[in-house]
Amino acid sequence: MASFGKERHLVLAATVVALLLAMADARRRPVHLRLYMHDIIGGPEQTAIHLIRNVGPPHASLRGAHFGDTEAIDDLVTSGPGIDSGAIGGAQGTYMLSSQQEEVLVVAVTVALTDGPYNGSTFALAGRVRIYDDTAEVAVVGGTGLLRRVAGYAVWRTAKVVSEMYMVVELAVRMSVPVNAAASNGSSLAIE
28 MASFGKERHL
38 VLAATVVALL
48 LAMADARRRP
58 VHLRLYMHDI
68 IGGPEQTAIH
78 LIRNVGPPHA
88 SLRGAHFGDT
98 EAIDDLVTSG
108 PGIDSGAIGG
118 AQGTYMLSSQ
128 QEEVLVVAVT
138 VALTDGPYNG
148 STFALAGRVR
158 IYDDTAEVAV
168 VGGTGLLRRV
178 AGYAVWRTAK
188 VVSEMYMVVE
198 LAVRMSVPVN
208 AAASNGSSLA
218 IE
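Counting from 1 along the sequence shown, just add 27 to a position and that's the residue number in the working numbering.
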């Protein structure tokens, strides 16, 4: 008889926890952004540098590349694919060639917004990007400021190849923040 009472209490406790989690999810507000990172690997406007190069074994299929090659980036982030479309922030982080056989990068990038409703806020991206795929999905793993406790994902896509040294990456970001952390819209930041 006592066992039945304990089971009932456990079921009740589990139900309450599930209800509280559902309520917490319901109190989140979606944030959709479309941003463009300008990644320049050489020349006078360079935004990416090699931190680690040619230390690991040669890559099986990328000529001249080695397992573990790592780049640091400090890319301009704009509201459109053109460099003159309006600066709205910066993206700092690393790309690492993380597979010995596949053309795969692991990316860890923080986007710092300097314009728009989320001015002064950041969000962090982490994930796996296959170099020659049209798109990849990376996780939004956190944020600061008005994007504190953000969660979601971003579709990472090559928007434009300007030259051998210059590529524009589009980030279609789908995330959510607690209701009390979200801000109102109102600037050049491309919010969908």
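For each residue, glycine too, the CB sits at the ideal point set by N, CA and C.
Check                                                                                                                : Outcome
Rounded distance between the beta-carbons of L152 and V138, thought under 8 angstroms                                : 7 angstroms
N-terminal and C-terminal residue of the beta strand (DSSP E) that L152 is part of                                   : 149–157
Option nearest L89 by Cα separation, candidates V131, I76, S112, M64                                                 : V131
Through-space distance from Y180 to E164, alpha-carbon basis                                                         : 7 angstroms
Sequence-distant residues of the same chain with beta carbon closer than 7 angstroms to V133, five excluded per side : M123, S125, R155
Best match in I76, V58, P57 for proximity to Y193 [C-alpha to C-alpha]                                               : I76
Under 8 angstroms between C-beta atoms of G113 and T121                                                              : no
Residue nearest to A199 in terms of C-alpha spacing, selected from N146, Q127, D66, G107                             : G107
C-alpha distance - V167 paired with L62, whole-angstrom precision                                                    : 14 angstroms
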